[in-house]
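S.K.: Quick note on full-length UniProt numbering: the sequence shown kicks off at 1 and runs consecutively.
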Amino acid sequence: MARWLPRSTDLTRFCQKLNRVKTLEDDMMETSFNRCLSTIDLTLLGIGGMVGSGLYVLTGTVAKEIAGPAVIVSFIIAGFASLLAALCYAEFGARVPKTGSAYMFTYVSVGEIWAFLIGWNVLLEYMIGGAAVARAWSGYLDSIFNHKIKNFTETHVGTWQVPFLARYPDFLAAAILLVATAFISFGAKVSSWLNHVFSAISMGIILFILIMGFVLAQPKNWSTQEGGFAPYGLSGIMAGTATCFYAFVGFDVIAASSEEARNPQRAVPRAIAFSLGLATGAYILVSVVLTLMVPWHTLDPDSALADAFYRRGYAWAGFLVAAGSICAMNTVLLSNLFSLPRIVYAMAEDGLFFQVFSRVHPRTQVPVVGIVVFGLLMALLALVFDLEALVQFLSIGTLLAYTFVAASIIVLRFQRQKGDVPAPVASGQPNPEPHEGPSGGELKEYESFSDKLQLVDRDKSKEQREPGQLKAAFEPYLEFLSDFYPGEVVTVAVVTLMVSAICLCSILVFGNTHLHLPTWSYSLLLVLFSLGFLLSLLLIWAHEQQHSTQTFQIPLVPLSPALSIILNVYLMLKLSYMTWLRFAVWLLLGLLVYFGYGIWHSKENLREPRPQRVSARYVVFPGGSLEERVQAVQPSSQPATGLPDTDTDDCKR
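1. Bridge partners of phenylalanine 385, per DSSP?
2. Check for me: the alpha helix (DSSP H) holding tryptophan 586 runs from which residue to which?
3. DSSP three-state call for leucine 11: helix, strand or coil?
4. My parser needs the alpha helix (DSSP H) runs of 4 or more residues fully inside the stretch 487 to 568; what are they?
5. Candidates Val509, Thr241 and Gly351: which alpha carbon is nearest threonine 23's?
6. Please go through the stretch 177 to 250 and give each complete alpha helix (DSSP H) segment of 4 or more residues, from N-terminal end onward.
7. Counting Cβ pairs, one atom from each stretch, are 3 or more of them under 8 Å apart for the stretch 484 to 502 and the stretch 529 to 538?
8. Between the Cα of valine 384 and the Cα atoms of Val249, Gly204, Ala217 and Pro163, which residue gives the shortest distance?
9. Around the C-beta of residue 657, are 16 or more other C-beta atoms found within 10 angstroms, so that it is buried, or is it exposed?
10. Which residue wins for smallest C-alpha separation from leucine 337, given the options Ser395, Ala188 and Ala70?
11. So, is alanine 308 buried or exposed, given that buried needs 16 or more other C-beta atoms within 10 angstroms?
12. Once you ignore the five residues that flank serine 32 on each side, which residues in its own chain have a CB closer than 8 Å to its CB?
13. Report the three-state DSSP secondary structure of leucine 606 (helix, strand or coil).
14. Can you say whether glutamine 550 is buried or exposed, counting buried as having 16 or more other CB atoms within 10 angstroms of its CB?
15. Identify which residue in Ile66, Tyr89, Tyr570 and Pro69 has its Cα closest to the Cα of glycine 46.
16. Between serine 143 and methionine 329, how many whole angstroms is the CB-CB distance? I'm expecting something under 8 Å.
17. When you compare only the Cα positions, how much space is there between valine 108 and valine 21?
18. Rounded to whole angstroms, what's the CA-CA distance from serine 287 to alanine 67? Just pull it up for me.
19. If distances are taken between C-alpha atoms only, which option among Ala115, Ala317, Ala85 and Gly49 comes closest to glycine 129?
20. From the DSSP output, which residues share a beta bridge with alanine 261?
21. Quick check: the Cα distance between serine 564 and phenylalanine 248, rounded to an integer number of angstroms?
22. State buried or exposed for proline 219, treating a residue as buried only when at least 16 other CB atoms are found within 10 Å of its CB.
23. What number of angstroms, rounded off, separates the C-alpha of tryptophan 160 from the C-alpha of leucine 380?
24. Within 10 angstroms of the Cβ of valine 268, are there 16 or more other Cβ atoms? Answer buried if so, exposed if not.
25. Assuming serine 101 contacts isoleucine 343 (C-beta within less than 8 Å), just tell me the rounded distance between them.
26. Could you check how far apart the C-beta atoms of alanine 382 and alanine 173 are, in whole angstroms? I think they sit under 8 Å.
27. What number of angstroms, rounded off, separates the C-alpha of residue 738 from the C-alpha of phenylalanine 92?
28. Which runs of the alpha helix (DSSP H) fall wholly inside the stretch 252 to 325 and span at least 4 residues, in chain order?
29. Let me confirm a value: proline 424 is counted as buried when at least 16 other C-beta atoms fall within 10 Å, else exposed. Which label applies?
30. In angstroms, rounded to a whole number, what distance separates the CA positions of asparagine 19 and methionine 347?
31. Going by CA-CA distance only, name the one from Ser576, Thr59, Asp483 and Lys148 that's closest to alanine 78.
32. Does proline 476 pass the burial test, meaning 16 or more other C-beta atoms within 10 Å, or should it be called exposed?
33. I need the DSSP call for leucine 571, collapsed to helix, strand or coil.
34. Considering only the alpha carbon of each residue, which of Val405, Glu488, Met238 and Asp41 lies closest to serine 275?
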């Protein structure tokens, strides 16, 4: 039976295949896409991805049902939490200006299978997100015309009573997706121009809402007579933060577009910062005017802004709000349809997905096959499926991508950059010519032993250590870590940090509710996993990291990415078990695609050298006759008795 078991060498090689990283080209600016997008183009793409229907619906829902007027604080905290993830995307987008977003960032730092699973989840996230926005767009427009479109469809087409299918086919939602797909296929410049138009209209209407809202504001609506500013307390604010966090997903469209940016090293970080700042400001200010116009407990969760203007005697303003909402949803649709084919293209270009999706149209310079195929799939989803049960799936895909990108930042920051010359290790010998001065050519006489000792100490302090090596200050205390390869300890510490974060958040979320832990064990586990998280963080910090000024770098590494990891894990564990079940099924499908196609067609697999059978090696010693100098040295994987005599005889001859 033992012969059927895989050998350890085969298992090691298999694991290496799963965790191999992408080899980047020397010139990362070379691309088959058209680099035509400026900082303004990328900024408006990011705003379009974040400021959608949530501005018109989410603010009222959170204010009435979760946080009250303190929804403002919820948006501030959620904006800061999103900033941690956005900064990670900004650094990667500047350093690796290639399309693919979270998939690409994970592939160049963590490993192939993890990158594929991230890309696989993001793929479904964009499809469901785009289809859900299209149905919301259709429903919003239909409500303006008193649901005539819905009534006509139900009367002449009929209704369905099938699980997972919509009650009636939504032809309007499918039509808007097909129209958007056609515009996206014309090229990045056309898509950007269309996004500019809708974004300009949307921002103009938001500006109108803010001006009119502050004119109609009544500070008494925050008074204690109306329930106060934070009627649900701190718990309500934090619950509102978890909901508001999802309003900011969409900035990754900027990272996905980095291969079409003119100057990605500067444009991507700036566009992410500008778009996130403007989106956060818009959400906060709209929340302020909404809760000041009317009492928060009287808001209509479905159409809070339009209803607020109607109740203050400005019914005509409701039409402007409806127009702004439709324009905002159009920008979100364009954002989804713009990003999805490019991530699929990146996976296909690397060989992990079907090769047909890597084709770029020679004239428009966009992945037209991916745009058309996934645009049709998105339209089909919007046409017949009930997406309400699947919308929560969007959250888990986004949070998982954020988590892996944050971990990838830590791993990549503590690795040696491509092309760097290895620096001398700390235990290396000092300069063998102590008489040379700091200038290198100037001779200096040292009279005493203490002078020479000071010179050696000064030379050691000037030694440049590689990224991933232990810092000199910690070497006396952690000397046993000096034997590992640079970055190896950091990688293990990152894994430990993520495991500790998962355990810590599991105790916080399930400890009192599902697990019913007694107080002493609950506190003990919290302390243990918190210590594991902090010790992993300190161990990472004790190593040298890259200090490059050429591109943007997120500050306070590894603290900033670690905070992003623990926040994302906490929010993931707050999702329902049905979301996790659907997520597991989708992951299994992804693994079937990877092991059935991706692992065999991966370009990194083609780059790997093929194993060659070596029968013997020889080493020549300097002494003795010719026959005595040539000796066969058997490879370690073969027994000594397997040495072919003919090879030795030929060598002697």
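Every residue gets a Cβ at the ideal spot worked out from N, C-alpha and C, and that includes glycine.
M.R.: Taking the definition as stated:
1. For this step, residue 385 is matched to residue 385 along the sequence shown. Leu165.
2. Locating residue 586 in the sequence shown gives position 586, where the first residue counts as 1. Unbroken alpha helix (DSSP H) run through tryptophan 586: 577 to 593.
3. Position 11 of the sequence shown holds residue 11. The answer is helix: DSSP assigns leucine 11 an H, G or I state.
4. 488 to 510 and 519 to 541
5. Locating residue 23 in the sequence shown gives position 23, where the first residue counts as 1. Residue Gly351 holds the alpha-carbon nearest to the alpha-carbon of threonine 23 among Val509, Thr241 and Gly351.
6. 188 to 215 and 233 to 244
7. The stretch 484 to 502 vs the stretch 529 to 538: in contact.
8. Within the sequence shown, residue 384 is the residue found at index 384, counting from 1. Ranking the options by Cα distance to valine 384, first place goes to Pro163.
9. The chain is shown only over 1 to 653; residue 657 falls outside these bounds and no answer can be derived.
10. Walking along the sequence shown from the start, residue 337 turns up at place 337. Closest option to leucine 337, Cα to Cα, is Ala188.
11. As a first step, residue 308 must be located in the sequence shown, where it is residue number 308. Of the other Cβ atoms in all chains shown, 16 or more fall within 10 Å of the Cβ of alanine 308; this residue is therefore buried.
12. As a working note, residue 32 is residue 32 in the sequence shown. Around serine 32: Val360 and Gln365.
13. Walking along the sequence shown from the start, residue 606 turns up at place 606. It is helical.
14. By 1-based counting over the sequence shown, the position of residue 550 is 550. Exposed: under 16 other Cβ atoms inside 10 Å.
15. In the sequence shown, counting from the first residue as 1, residue 46 sits at position 46. Ranking the options by Cα distance to glycine 46, first place goes to Tyr89.
16. Walking along the sequence shown from the start, residue 143 turns up at place 143. Walking along the sequence shown from the start, residue 329 turns up at place 329. Serine 143 to methionine 329, Cβ: 13 Å. No contact.
17. On the sequence shown, residue 108 is found 108 positions in, with the first residue counted as 1. On the sequence shown, residue 21 is found 21 positions in, with the first residue counted as 1. It is roughly 5 Å from the alpha-carbon of valine 108 to the alpha-carbon of valine 21.
18. Counting from one through the sequence shown, the residue named residue 287 turns up at place 287. Counting from one through the sequence shown, the residue named residue 67 turns up at place 67. So the alpha carbons of these two residues sit roughly 11 Å apart.
19. Within the sequence shown, residue 129 is the residue found at index 129, counting from 1. The shortest Cα separation from glycine 129 among Ala115, Ala317, Ala85 and Gly49 belongs to Gly49.
20. Taking the first residue of the sequence shown as position 1, residue 261 is located at position 261. In DSSP, alanine 261 forms a bridge with Leu37.
21. On the sequence shown, residue 564 is found 564 positions in, with the first residue counted as 1. On the sequence shown, residue 248 is found 248 positions in, with the first residue counted as 1. Whole-angstrom Cα-Cα distance: 14 Å.
22. Sequence index remark: in the sequence shown, residue 219 carries index 219 (1-based). Exposed.
23. As a first step, residue 160 is located in the sequence shown; it is residue number 160 there, counting from the start. As a first step, residue 380 is located in the sequence shown; it is residue number 380 there, counting from the start. Distance between the alpha carbons of tryptophan 160 and leucine 380 is about 16 Å.
24. As a first step, residue 268 must be located in the sequence shown, where it is residue number 268. So valine 268 counts as buried.
25. Numbered from 1 along the sequence shown, position 101 holds the residue referred to as residue 101. Numbered from 1 along the sequence shown, position 343 holds the residue referred to as residue 343. Indeed they touch by this definition, with Cβ atoms about 6 Å apart.
26. Locating residue 382 in the sequence shown gives position 382, counting from the first residue. Locating residue 173 in the sequence shown gives position 173, counting from the first residue. A Cβ-Cβ separation of about 4 Å places alanine 382 in contact with alanine 173 under the 8 Å criterion.
27. Any property of residue 738 remains undetermined from this structure, which presents the chain solely from 1 to 653.
28. Counting only runs of 4 or more, we get 252 to 256, 264 to 293 and 304 to 311.
29. Within the sequence shown, residue 424 is the residue found at index 424, counting from 1. Residue placement at proline 424 cannot be trusted, given a pLDDT of 46 that sits under 50; what the coordinates show is reported in the next sentence. Exposed, by the Cβ-count rule.
30. For the purposes of this step, residue 19 is taken as residue 19 along the sequence shown, with counting starting at 1. For the purposes of this step, residue 347 is taken as residue 347 along the sequence shown, with counting starting at 1. Rounded to the nearest angstrom, the two C-alpha atoms are 16 Å apart.
31. As a position in the sequence shown, residue 78 is number 78, starting the count at 1. Ranking Ser576, Thr59, Asp483 and Lys148 by Cα distance to alanine 78 puts Thr59 first.
32. Translated into the one-based positions of the sequence shown, residue 476 becomes position 476. Exposed.
33. Against the sequence shown, residue 571 aligns to sequence position 571. Residue state, collapsed to three classes: helix.
34. Here residue 275 refers to the residue found at position 275 when the sequence shown is read from its first residue. Nearest C-alpha to serine 275: Asp41.
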